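*Asks:* Could you have a look at this structure, given as structure tokens, before my questions?
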Amino acid sequence: MRKPLAIFALVSALAGSVWAFQRNIRALFPDTYDDSPPADAAEKTEFYFARLRYPNVRGSGMWWSRGSWTVDYPKADRQFMQGVRRLTRIHANSMERIVDLVSDDIFNYPFVYVVEAGHWDLPDAQARKLREFIDRGGFLMTDDFHGTFEWEVFTASLNKGFGDRPIIDIENADPIFHVLYDLDVRWQVPGIVNYPFQRTYEYDGYEPKWRAIRDDKGRIVVGICHNMDNGDAWEWADSPHYPEKYASQAYRTGINFIIYAMTH
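Here my numbering runs 458 ahead of the position in the sequence shown, where the first position is 1.
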């Protein structure tokens, strides 16, 4: 009985350590954001930030029950839009819009953001609609998924609609890295789970990857941010505990993607 009891004690200690660690992180990064609509939510503007709602792969835990598409929502979206409004001349609405691949509403938004794409599970019909959205001129930015396993989950759904399109690495000279900000030098943007940020990767996602799918004219139509967490950087840019260099890069990356999507 000694060995099972020792294993149980070790597992219990590890679980307690993880819980204590997460509790300490939440003490530094509290989930107290007021998500009521901002005063100008109904304002008609030239740009709206659209977040994709999607079905999850099977799992457990809070994010699975809420839907992984809700990670960082809505604070990340709204703080990012504050940056867009402050740092560019884009007339952007300060409130996000939620779209899905069930209705045709997605076709009203030329730029769509999807978070935790390593947890989506698109039925064939939704994958085809995503391809239709892209073929009509839309742009998809993916973010906050990490490692080999989540990459395989991501591509399994993506390939249902884009099996004929290769995923390629984006070269430093590509216009998407220079349309407003020059992003020749880029860091791996960590999530708050990495606090205090001596390590910036999750799982086996050791290196940040900026990848893309292009259309027949060579235009990037799917911008893939793998092994990084721009959403957390947007969400916690107002926190003294989140490093400024990562937040600044995340804003510049997102702004470049938007301007590229709207002008190419």
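Cβ atoms here follow ideal geometry from the backbone N, Cα and C, with glycine treated the same way. From a predicted model like this one, the values you see are computed outputs, not experimental measurements.
With C-beta atoms as the reference, is G605 less than 9 Å away from G663?
*Replies:* yes
*Asks:* Please work out which residues of its chain come closer than 6 Å, Cβ to Cβ, to H549, disregarding the five sequence neighbours upstream and downstream, and give them in chain order.
*Replies:* Cβ within range, chain order: T503 and E504.
*Asks:* Just to confirm my understanding: we take N714, look at its own chain, exclude 5 residues before and 5 after, and list those with CB closer than 7 Å. What are they?
*Replies:* I634, F635, V637, L638, Y639 and L641
*Asks:* Starting from H636, follow its DSSP beta bridges and name the residues at the other end.
*Replies:* H636 pairs with nothing; no bridge assigned.
*Asks:* Buried or exposed: where does F479 fall if 16 or more other Cβ atoms within 10 Å of its Cβ makes it buried?
*Replies:* Residue confidence for F479 is low, a pLDDT of 47 falling below 50, so the modelled location carries little weight and cannot support an answer.
*Asks:* Between the beta-carbon of D690 and the beta-carbon of D602, is there less than 9 Å?
*Replies:* yes
*Asks:* Could you check what DSSP says for F479 in three-state terms: helix, strand or coil?
*Replies:* For F479, the pLDDT reaches just 47, beneath the cut-off of 50, and the residue's location in the model is therefore unreliable, although a value from the coordinates is still provided. Three-state result, F479: helix.
*Asks:* Where A585 and L559 are concerned, what is the direct C-alpha to C-alpha distance, given to the nearest angstrom?
*Replies:* 8 Å
*Asks:* If you reduce the DSSP assignment to three classes, tell me which class R511 lands in.
*Replies:* coil
*Asks:* What would DSSP say about M553, mapped onto helix, strand or coil?
*Replies:* Note: M553 maps to coil in three-state DSSP.
*Asks:* How about R672 and R623: are their beta carbons less than 9 Å apart?
*Replies:* yes
*Asks:* Rounded to the nearest angstrom, how far is the Cβ of G542 from that of A508, given a contact under 8 Å?
*Replies:* The sequence shown places Val at residue 542, rather than the Gly named in the question. Actually they are not in contact, since the Cβ atoms of V542 and A508 sit about 13 Å apart, beyond 8 Å.
*Asks:* Roughly how many angstroms lie between the CA atoms of W578 and K667, to the nearest whole one?
*Replies:* Roughly 19 Å between the two C-alpha positions.
*Asks:* With a Cβ-Cβ cutoff of 9 Å, do E665 and N685 count as a contact?
*Replies:* yes
*Asks:* From the DSSP output, which residues share a beta bridge with M686?
*Replies:* M686 pairs with nothing; no bridge assigned.
*Asks:* In or out: T658 buried (at least 16 other Cβ within 10 Å) or exposed?
*Replies:* buried
*Asks:* Would you call the CB atoms of R649 and F607 closer than 9 Å?
*Replies:* Looking at the sequence shown, residue 649 is not Arg but Gly. Cβ distance not < 9 Å, so G649 and F607 don't count as in contact.
*Asks:* How is the alpha helix (DSSP H) around T600 delimited, first residue to last?
*Replies:* It is not in any alpha helix (DSSP H) - T600 instead sits in the beta strand (DSSP E) that spans F597 to D601.
*Asks:* So V572 and D530 are supposed to be a Cβ contact under 8 Å. How far apart are they, rounded?
*Replies:* Contact annotation, V572 with D530: C-beta distance approximately 12 Å; criterion of less than 8 Å not satisfied.
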